[in-house]
Amino acid sequence: MPVYEYVCNDCGRQFEVLLLRQETAACPSCESADLKRLLSVPKVKSSSTHELAMRAAKKRDQAQAWERVNEQRKYEESHDRHG
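FYI, the working numbering numbers position 69 of the sequence shown as 79, with every residue one higher than the one before it.
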């Protein structure tokens, strides 16, 4: 069963759907059938792509952690001034 990528012409959402033979897709957001099928790029996995993905995920997680720490610090500072 192939996975197809679509963009909804009504709401603009881009999504993937797994379709059986002659099934038709519908947008998961607005349920419109007015869709444009996109060219799908094959996904190739190897040890090097896995390593790159893991590095990117670690970098993203670290950035999100710093963002949470900074938001917590700002929250605490703003409440210390008012308390």
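Cβ atoms here follow ideal geometry from the backbone N, Cα and C, with glycine treated the same way.
All figures in this text were calculated on a predicted structure; none of them were measured in a lab.
Counting only residues of its own chain and dropping the five nearest sequence neighbours on each side, TRP76 has no CB closer than 8 Å to any other CB. In the displayed model, ARG47 falls within a strand according to three-state DSSP. The three-state reading of DSSP puts GLN24 in strand, counting E and B together.
Under the three-state reduction of DSSP output, VAL79 falls in the helix class. Separation of LYS69 and VAL17 (C-alpha to C-alpha, rounded to the nearest whole angstrom) is 29 Å.
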